[in-house]
Amino acid sequence: MNKKISIIGAGMTGASTAVWLSARELADLVLVDVVEGMPQGKSLDLLQAMPVIGKDVNVVGSNDYAATQGSDIIIITAGLARKPGMSREDLLTANAEIVGKAATETLKYSPQAYFIVLTNPLDTMAYLTLKRTGLPRNRVVGQAGILDSARMRAFVAMETGVSVENIACYVLGGHGDEMVPLTRHSNVAGIPLREYLPADRLAAIVERTRKGGGEIVNLLKTSAYYAPAAACAQMAEAILKDKKLVVPASAYMQGEYGLHDMFFGVPVVLGAGGVEKIIEYTLDADEKAALDRSAAFVRETHDALRRLVKI
Ligand code: TXD
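317 is the number that the numbering used here gives the last residue of the sequence shown; the numbers go up by one with no jumps.
Structure representation (C-alpha cells):
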C-alpha cells in the first residue's frame with residue numbers, strides 16, 4: 007500500500023509542498039482546505055501533471071478532514087500569512103484557532119501520523135500541535151531551520167560563486183528575526199565561513215538571513231512558499247525513508263540547550279521515528295547568549311498562547 011501524506015491548507019505553501027512531494031513519488035497526497043473547490047481544483051491540476059513528469063502519485067483534494075484518514079504524515083500549513091509590516095507573532099490569535107482544530111481533527115483520522123507544522127508563529131504552533139494532540143515529542147516537528155539555513159546557503163553561494171552543494175550553514179533558534187546563524191559551524195567545502203569570507207561580508211549575510219522572510223514579504227506582499235515547501239518535502243522524505251537526516255528543525259525541548267517545555271530550532275535526526283534525536287552543539291559564550299535571547303522571544307509567544315487558549 008502506498009504511503010499517504012495529507013497537507014492541511016492548500017494555499018501557497020501547501021500546494022507548493024504537494025508539487026515538490028509529487029516529484030519525489032514518495033506517497034499519495036491529500037490537500038485539505040476550507041475554501042470550497044480550491045483543494046479539489048489544485049489536486050486535479052497536479053494529478054494531471056503526473057503523466058508529464060512520469061510519477062504514479064494519486065492526489066485528492068477535499069474540504070473534509072475525513073479524506074486524511076490513515077495518513078502517515080500530516081503537514082499543517084493552514085492559517086494566515088504575513089503581510090508587509092506584520093511580525094510572525096501578529097498571526098498568533100487567528101492561527102492558534104486554525105492550527106488547534108487542524109491538529110485535533112487530523113489526529114482523529116490518523117492516530118499513527120507524524121506531524122510537520124509550518125504555520126506561523128512557527129515554534130508556538132508546533133507547541134500547540136503537540137499539546138492538543140498529546141503526542142510524544144518525536145511525533146511533532148516544526149519546519150523553520152531548513153529554510154533559514156537554505157537562505158543563508160543561497161546568500162553564501164551568491165557571494166562566493168561556489169555550488170550550493172558545497173555550502174553548509176546552520177541556523178538555529180526560534181523562527182523569528184532573533185534566529186541564530188551559527189557562523190562558526192557553517193562552511194564552504196569544510197573551510198569555516200569566518201575564514202572564507204571577509205568579516206563585513208559575513209555580517210551582511212547573517213543580517214540578510216535573519217531578515218530573509220521579511221525581504222520576501224515586502225516583495226510579494228505575502229510570505230515565501232517555494233523554499234518553505236521544499237523544506238517540508240525534505241522533512242517528510244527523511245521520515246518516510248528513515249534517512250536519519252540531520253537538519254535544523256523546531257523540536258520540543260526537555261532540558262536540551264538548557265530549555266524546557268518549549269519548541270526551539272535545534273539540530274535533530276529525522277528518521278522513521280520522527281525526531282529521533284536532538285543534537286547538542288558545544289557553544290561558545292556569544293552563541294549561547296544569542297540562543298538564550300532567541301529563546302526568550304519564543305517563550306513570550308508561548309506565554310501569549312497560554313493566555314489565549316487552554317492547553
Ligand atoms: O518557515 C516557515 N515556517 C514558514 C511559515 C514559511 C512560509 C510561510 N509560513 C506560514 O505558513 C505563514 O506565515 C502562514 O501562517 C502559513 C501558510 O502560508 P501560505 O503562504 O501557504 O498562506 P496561504 O497561501 O494564505 O494559505 C493558507 C491556506 C489558505 O488556503 C486558507 O484557506 C487555508 O490555509 N485555511 C485553512 N485550511 C484548512 N483548515 C482551516 N481551518 C483553514 N483556515 C485557513
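Just so you know, even glycine gets a beta-carbon here, dropped at the ideal spot from N, CA and C.
No experiment lies behind these values; they were computed from the predicted model shown.
For K250, name the three-state secondary structure that DSSP assigns. coil
Nearest-angstrom Cα distance between E306 and I104? 20 angstroms
Contact between the segment 285-302 and the segment 103-118 (3+ Cβ pairs under 8 angstroms): no
For the putative contact between R159 and V170, defined by C-beta atoms under 8 angstroms, what is the C-beta separation to the nearest angstrom? 6 angstroms
In chain order, what residues of the same chain lie with their CB nearer than 8 angstroms to the CB of A33, ignoring the 5 residues before and after it? N8, K9, K10, I11, L27, V63, D78, I79, A242 and L246
Do the CB positions of D154 and M185 come within less than 7 angstroms of each other? yes
Using a Cβ-Cβ cut-off of 7 angstroms (strictly less than) and excluding sequence neighbours within five positions of A239, which residues of its own chain qualify? T23, W26, L27 and R30
Just checking my contact of T74 with V38 at CB under 8 angstroms: how many whole Å lie between their CB atoms? 6 angstroms
Span of the beta strand (DSSP E), counted from its first residue to its last, around S68: V65 to S68
Does the ligand TXD have a heavy atom nearer than 6 angstroms to the CB of Q149? yes
Own chain partners of A163 with C-beta closer than 8 angstroms, once the 5 adjacent residues on each side are dropped: S169, V170 and I173
Roughly how many angstroms separate the alpha carbons of Y318 and L311, rounded to a whole number? This structure cannot speak to residue 318, because the chain is shown only from 7 to 317.
Neighbour-count burial assignment, E286, 16 or more Cβ in a 10 Å radius: exposed
Of the listed residues G91, I14 and Q54, nearest to T228 (C-alpha basis): G91
Under 6 angstroms from any heavy atom of the ligand TXD, does the C-beta of A230 make it? yes
Rounded separation between P273 and D298 - CA only: 16 angstroms
Near N193, what residues of its chain come up, given a Cβ to Cβ distance below 7 angstroms and the 5 sequence neighbours on each side ignored? A174 and L199
Looking at M259 and H308, is the spacing between their C-beta atoms short of 7 angstroms? no
Since I believe A302 is in contact with I284 (beta carbons under 8 angstroms), could you give me their beta-carbon distance rounded to a whole number of angstroms? The pair is not a contact, with the Cβ atoms about 20 angstroms apart (cut-off 8 angstroms).
When the Cα atoms are used, what is the spatial distance from Y202 to G167? 12 angstroms
Got a sec, what are the start and stop residues for the alpha helix (DSSP H) P273 sits in? No alpha helix (DSSP H) contains P273, which is instead part of the beta strand (DSSP E) from H266 to G277.
Report the option in K250, G140 and L52 whose CA atom is closest to the CA atom of G280. K250
Would you list, in sequence order, the uninterrupted alpha helix (DSSP H) runs of no fewer than 4 residues that lie entirely inside the segment 146-205? 151-166 and 199-202
State yes or no: is the C-beta of T110 nearer than 6 angstroms to some heavy atom of the ligand TXD? no
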